[in-house]
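Peer 1: Remember, our numbering sits 706 above the position in the sequence shown when you count from 1.
Note that beta-carbon positions come from the ideal geometry of N, C-alpha and C, so glycine has one too.
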Amino acid sequence: MSPQIYINGKYYSKEDAKISVYDHGLLYGDGVFEGMRTYSGNVFRLVEHIDRLYESARAILLTIPMSKQEMIDAVNNTVKLSGLTDSYIRLVITRGAGSLGLDPNRTSDPQVIIIVDLIALYDRKYYDEGLKIITASTIRNHPAALSPRIKSLNYLNNIMAKIEGLQAGCMEAIMLNHKGEVAECTGDNIFIVKKGQLMTPPTDAGILEGITRNAILELARELKIPASESTLTRHDLLVADECFLTGSAAEVIPVVSIDSRPIGDGKVGKTTRFLMGEFKKLVVR
Ligand code: PMP
Numbered sequence: 707m708s709p710q711i712y713i714n715g716k717y718y719s720k721e722d723a724k725i726s727v728y729d730h731g732l733l734y735g736d737g738v739f740e741g742m743r744t745y746s747g748n749v750f751r752l753v754e755h756i757d758r759l760y761e762s763a764r765a766i767l768l769t770i771p772m773s774k775q776e777m778i779d780a781v782n783n784t785v786k787l788s789g790l791t792d793s794y795i796r797l798v799i800t801r802g803a804g805s806l807g808l809d810p811n812r813t814s815d816p817q818v819i820i821i822v823d824l825i826a827l828y829d830r831k832y833y834d835e836g837l838k839i840i841t842a843s844t845i846r847n848h849p850a851a852l853s854p855r856i857k858s859l860n861y862l863n864n865i866m867a868k869i870e871g872l873q874a875g876c877m878e879a880i881m882l883n884h885k886g887e888v889a890e891c892t893g894d895n896i897f898i899v900k901k902g903q904l905m906t907p908p909t910d911a912g913i914l915e916g917i918t919r920n921a922i923l924e925l926a927r928e929l930k931i932p933a934s935e936s937t938l939t940r941h942d943l944l945v946a947d948e949c950f951l952t953g954s955a956a957e958v959i960p961v962v963s964i965d966s967r968p969i970g971d972g973k974v975g976k977t978t979r980f981l982m983g984e985f986k987k988l989v990v991r
């Protein structure tokens with residue numbers, strides 16, 4: 707049981723997995739990626755992740771040199787070889803090595819990299835006690851500059867907001883969009899609960915359409931919890947009864963304070979707890 711890394715059809719240990727320093731993924735953040743989880747050896751929502759990966763690649767005119775089915779098989783095989791049953795998978799496609807200069811036509815050999823390892827994004831205590839987060843002053847990328855729906859290797863927009871959070875002693879930060887509406891967090895989507903109703907920003911708020919987010923919306927429908935994709939402002943968050951974040955790495959994590967102001971009664975909400983439990987059941991279904 708050890709991290710396993712696939713690069714273009716070959717398998718490597720963590721120490722031996724290497725790519726060129728001329729790769730435009732490194733030089734310019736030119737590439738796309740996915741982050742997934744396995745539960746009891748099965749990749750959660752693998753097809754949805756692969757679909758999103760191919761959409762991201764298409765959006766940046768990057769041709770992935772294998773079919774979706776071959777990619778699915780490669781992911782499953784790398785998981786199997788790792789021997790890890792509850793793991794995190796980072797699937798990366800770079801533009802490949804080329805000459806210096808932005809021109810993607812001067813690259814060849816896009817690299818297909820699959821890393822299967824462990825991840826612990828947030829300390830366990832935050833799942834019990836909830837996160838305290840802030841609103842970052844860095845806004846999310848304007849969708850006309852680079853669509854936040856593309857999961858690209860260029861995460862500096864999010865990293866700058868993450869740094870603001872960390873400097874304020876917070877593990878996550880809320881990012882507003884260019885209209886001042888709530889978009890998402892730096893690596894997670896955001897939900898609130900107000901009067902028993904679940905709400906999360908719509909994709910046209912300029913967010914990554916999270917696969918965990920969509921799973922929560924589906925769960926809510928199944929469990930007859932009213933849920934909607936609604937435009938939210940910072941005001942809506944501050945007067946919400948509950949708040950939580952979702953992401954493949956984070957799963958479902960409660961938020962109890964935003965900008966030093968308690969959300970609801972400042973404790974992990976009832977609906978949030980319930981959904982955390984239901985999500986746990988869903989991932990092993
Ligand atoms: N938003 C951003 C910016 C992300 O990077 C991620 C993934 N880490 C998410 C939301 C959550 O998406 P998913 O549930 O598909 O992991």
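1. Compare the Cα-Cα distances from L797 to each of L806, L752 and R846 and report the closest residue.
2. Looking at N864 and the ligand PMP, is the gap between the Cβ and the nearest heavy atom below 7 angstroms?
3. Using only the heavy atoms of the ligand PMP, determine whether one of them is closer than 7 angstroms to the beta carbon of N847.
4. By a C-beta neighbour count over all protein chains shown, 10 Å radius and 16 as the cutoff for buried, is H755 buried or exposed?
5. Just the C-alpha distance for S708 and L790, rounded to the nearest angstrom, thanks.
6. Chain D beta carbons: is any one of them nearer than 8 angstroms to that of G747?
7. Could you tell me whether any non-hydrogen atom of the ligand PMP is closer than 7 angstroms to the CB of S966?
8. Please state whether the Cβ-Cβ distance between S963 and K838 is less than 8 angstroms.
9. Taking C-alpha atoms, which residue in L981, E740 and I959 lies nearest to E878?
10. Can you list, in chain order, every residue whose CB sits closer than 6 angstroms to a heavy atom of the ligand PMP?
11. State the DSSP-derived secondary structure class of D757, mapped to helix, strand or coil.
12. The alpha helix (DSSP H) spanning E994 covers which residue range?
13. On the criterion of 16 or more Cβ atoms from any shown chain inside 10 Å, does N811 qualify as buried, or is it exposed?
14. Would you say I896 and E890 are within 8 angstroms of each other, going by their C-beta atoms?
15. Between K901 and I865, what straight-line distance do the alpha-carbon atoms span, to the nearest angstrom?
Peer 2: Reading off the structure:
1. Checked all of L806, L752 and R846; the closest Cα to L797 is L752.
2. For the ligand PMP, at least one heavy atom lies less than 7 angstroms from the Cβ of N864.
3. no
4. The residue in question, H755, is buried, as its Cβ has 16 or more Cβ neighbours within 10 Å.
5. 7 angstroms
6. No chain D appears in the structure shown, which is made up of a single protein chain.
7. no
8. Yes, these two residues count as a Cβ contact at 8 angstroms.
9. I959
10. Those residues, listed in chain order, are G741, N864, E890, G893, D894, N895, L914, G916, I917, T918, R919, T952, G953, S954 and A955.
11. helix
12. Since the first residue of the chain shown is 707 and the last is 991, residue 994 is not available in this structure.
13. exposed
14. Yes, Cβ-Cβ distance for I896 and E890 is below 8 angstroms.
15. 33 angstroms
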